[in-house]
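A.B. asks:
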Amino acid sequence: MLLAGLALYGLSLTLLVRAGLGLAPWDVFHQGVSEVTGLSLGTVIVSTSFVVLLLWIPLRERPGVGTIANAILVGVGVDVFSSVLPDVGGTAARWGLMAAGIMLNGVATGLYIGAGMGPGPRDGLMTGIARRGHPIRVVRTSLEVAVLAAGILLGGSFGVGTFAYALCIGPLVHIFLPRFTLLASGDGCSDTVPAPAPA
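Residues 89 to 287 (my numbering) make up the sequence shown, in order.
(1) Do residue 106 and residue 172 have their C-beta atoms within less than 8 Å of each other?
(2) Alpha carbons only, please: which of 100, 236, 253 and 196 is nearest the one belonging to residue 91?
(3) Can you list, in chain order, the residues of its chain with a C-beta nearer than 6 Å to that of residue 113? Leave out the 5 residues immediately preceding and following it.
(4) In this structure, how does DSSP classify residue 220 when only helix, strand and coil are distinguished?
(5) Counting only the same chain and skipping the five closest in sequence on each side, list residues whose C-beta sits under 8 Å from that of residue 257.
(6) Quick one: grab the DSSP three-state call for residue 175.
(7) Using the rule of at least 16 other Cβ atoms within 10 Å of the residue's Cβ for burial, across every protein chain shown, is residue 264 buried or exposed?
(8) For residue 249, tell me which candidate among 94, 266, 183 and 209 has the shortest Cα-Cα distance.
(9) Less than 8 Å between C-beta atoms, sequence neighbours within five positions excluded: which residues of the same chain meet that for residue 138?
(10) Please report the distance separating the alpha-carbon of residue 140 from that of residue 178.
(11) Which one of 117, 100, 103 and 89 has the shortest CA to CA distance from residue 242?
(12) What number of angstroms, rounded off, separates the C-alpha of residue 169 from the C-alpha of residue 214?
(13) Compute the beta-carbon to beta-carbon distance between residue 93 and residue 218, rounded to the nearest angstrom, for a pair I have assumed lies under 8 Å.
(14) For residue 108, name the three-state secondary structure that DSSP assigns.
(15) Have a look at residue 220 and residue 146 and give me their C-alpha separation to the nearest angstrom.
(16) Just to confirm, are residue 205 and residue 153 a CB contact at a threshold of 8 Å?
(17) Got a sec? Which residues, its chain only, sit under 8 Å from residue 238 by beta carbon, not counting five neighbours each side?
(18) Let's see if you can read the secondary structure: which residues bound the alpha helix (DSSP H) around residue 123?
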């Protein structure tokens with residue numbers, strides 16, 4: 089589940105890049121840094137992940153196997169998929185890629201978090217700060233607004249896809265995460281699906 093989720097995450101991000109209609113806030117930042125430095129998008133994602141992990145140290149957060157796998161494999165996946173997926177033309181095709189990318193991202197998030205092997209670097213930063221007594225909604229919004237603003241200034245792809253992602257990813261994860269969590273717990277035949285714990 090962890091490996092499948094991270095592979096799908098890399099694929100979903102590549103689809104959003106190919107759509108060219110806007111990325112998720114962190115990925116607007118990653119793409120902006122890539123544009124400025126000339127590094128591949130995947131290299132920037134991996135590098136940023138390890139910089140974020142350094143910020144875990146004062147927060148006393150402990151990474152899991154899934155955390156390290158996330159830090160490495162998502163970026164690697166983006167570079168691999170970027171090398172084989174062609175650019176697309178036409179408005180309908182681009183919107184289709186955007187929709188597919190957002191949907192797959194929701195599935196991927198449910199898989200890798202549902203595996204229960206450690207949060208991704210950026211998720212752990214958010215929860216670590218929140219544990220210091222700050223509302224998680226405020227922490228998440230503040231982090232994402234900050235990286236989005238930086239990414240836009242650096243030339244990252246910001247647009248309708250950014251808003252679509254922001255609106256859709258929460259409901260999608262709400263659907264997929266409980267199901268994959270049940271699967272990981274070995275109770276996948278249950279007829280009841282628990283709702284995620286409130287943030």
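Glycine residues also receive a C-beta, built at the ideal position from the N, C-alpha and C atoms.
Nothing here was measured: the structure is a model prediction, and the numbers come from that model.
C.D. replies: Well, looking at it:
(1) no
(2) 196
(3) Beyond the five residues adjoining it in sequence on each side, residue 113 comes within less than 6 Å, by CB distance, of 232, 235 and 236 in the same chain, given in chain order.
(4) DSSP places residue 220 in the coil class of the three-state scheme, outside both helix and strand.
(5) The beta carbon of residue 257 lies closer than 8 Å to those of 112, 190, 193, 194 and 197 in the same chain, with the five residues before and after it left out.
(6) coil
(7) buried
(8) 183
(9) 159 and 209
(10) 37 Å
(11) 117
(12) Approximately 28 Å between the Cα atoms of the pair.
(13) No, residue 93 and residue 218 are not in contact; Cβ-Cβ is about 23 Å, not under 8 Å.
(14) In this structure, residue 108 counts as coil in the three-state DSSP scheme.
(15) Spanning the two alpha carbons is a distance of roughly 11 Å.
(16) yes
(17) Excluding five sequence positions before and after residue 238, the CB atoms of its chain that fall closer than 8 Å to its own CB belong to 117 and 120, given in chain order.
(18) 113 to 125
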